[in-house]
Structures are given as C-alpha cells and as structure tokens.
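Undergrad: Structure incoming, see below.
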Amino acid sequence: MIVQYGPVGQAVQPTIPMQAELRGDGSAYAWVCAGAPDDGTLSKVCAEPSRTHCLLGSFAWDGVRWRADFPANHIGGTPNQGDIAPDGSGNILISYINPTYSGALFKWIDVASSGNPSCQP
Numbered sequence: 001m002i003v004q005y006g007p008v009g010q011a012v013q014p015t016i017p018m019q020a021e022l023r024g025d026g027s028a029y030a031w032v033c034a035g036a037p038d039d040g041t042l043s044k045v046c047a048e049p050s051r052t053h054c055l056l057g058s059f060a061w062d063g064v065r066w067r068a069d070f071p072a073n074h075i076g077g078t079p080n081q082g083d084i085a086p087d088g089s090g091n092i093l094i095s096y097i098n099p100t101y102s103g104a105l106f107k108w109i110d111v112a113s114s115g116n117p118s119c120q121p
C-alpha cells in the first residue's frame, strides 16, 4: 500500500490522501481517503468505508518500465501516463495518476490485508 505525498515539485502534506494498492496479480486500485485513517494519521491505510473516487486498473512491465493503467483517468495525448519510477528514496512516482497534475509521489506504508477488492467505483 502506498500513500500520496503530493504533486511533483510541491512539498505537500495532504489532508485527504490518495492511496493506491498494486497487487502481485497485476491488479491495481486507487482511492481517495475521505475520512482520517483508523489511527487518525496519514501514515496508515484508511478504512474501506472511507474510500471514495475508487479507480480499478492494472499494472505491468511493458518491456521498458512498470506502468499503471487506470482507464477511468485516461488523458488523450499523454504517452507517459501511468509510468512508475522510483524516486531514489524508496518512494515511487506514478505519472498522471490524477489528470490534474503531472504525477504523484507515493510512499510504501502497509501490505494488503485481504484478497478482497480494495474499493469499488
């Protein structure tokens, strides 16, 4: 599980974080945490009832890089949308996961607790 740090180029402490889950079977889920995570911090996975704006997708190696694909967020003419790249500090950058900015930086925070879908659109 990874939690959004914020748009690229901006030091942001999100109050309503976007979270994403990339699973070993290639499925991907992303959501906005509408309520505070269970422990009241932004460094934990938010409870499933608090998840809104759910996106279903996938991720895979395309022969050059890892790429996430969330079809509901496709932007026409954006060839690098969904590119996944390490930031050199143990975090990952996903390009255009949110169409309103060029990318989001995520930090690993937890592992999935079940095989159930993380959220439903």
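The opening position of the sequence shown corresponds to residue 1 in the working numbering, with each subsequent residue numbered one higher. Here a beta-carbon is modelled for each residue, glycine too, at the ideal position from N, C-alpha and C. Small disclaimer: the values here were computed from a predicted structure and weren't measured.
(1) Between which two residues does the beta strand (DSSP E) carrying F70 extend?
(2) Where do the N-terminal and C-terminal ends of the beta strand (DSSP E) with T78 fall, by residue?
(3) If you check the beta carbons only, do D87 and R67 fall under 8 Å apart?
(4) Any idea which residues DSSP pairs T52 with across the strands?
(5) Going by Cα to Cα distance, which pick from H74, I109 and E48 is closest to S58?
(6) Hey, could you find the ends of the beta strand (DSSP E) K107 is sitting in?
(7) At the level of alpha carbons, what is the spacing between E21 and L105?
(8) Should Y96 and L56 be called a contact, given that it needs their Cβ atoms to be closer than 8 Å?
(9) Compare the C-alpha of F70 against each of V64, W31 and W108 and name the closest.
TA: Put simply:
(1) Numbered from 1 along the sequence shown, position 70 holds the residue referred to as residue 70. Counting along the chain, F70 falls outside any beta strand (DSSP E), and DSSP gives it neither H nor E.
(2) Counted from its first residue, the sequence shown places residue 78 at position 78. First-last for T78: undefined, no H or E at that position.
(3) Along the sequence shown, one-based indexing puts residue 87 at 87. Along the sequence shown, one-based indexing puts residue 67 at 67. No, these two residues do not count as a Cβ contact at 8 Å.
(4) Counted from its first residue, the sequence shown places residue 52 at position 52. The partner list for T52 (beta bridge, DSSP) reads V32.
(5) Within the sequence shown, numbered from 1, the residue matching residue 58 stands at position 58. Minimum Cα distance to S58 is reached at H74.
(6) By 1-based counting over the sequence shown, the position of residue 107 is 107. Here the beta strand (DSSP E) through K107 covers G103 to W108.
(7) Locating residue 21 in the sequence shown gives position 21, counting from the first residue. Locating residue 105 in the sequence shown gives position 105, counting from the first residue. Those two C-alpha atoms are separated by around 14 Å.
(8) Position 96 of the sequence shown holds residue 96. Position 56 of the sequence shown holds residue 56. Not in contact: Y96 and L56 (Cβ atoms no closer than 8 Å).
(9) The residue given as residue 70 occupies position 70 in the sequence shown. F70 has its Cα closest to that of W31, out of V64, W31 and W108.
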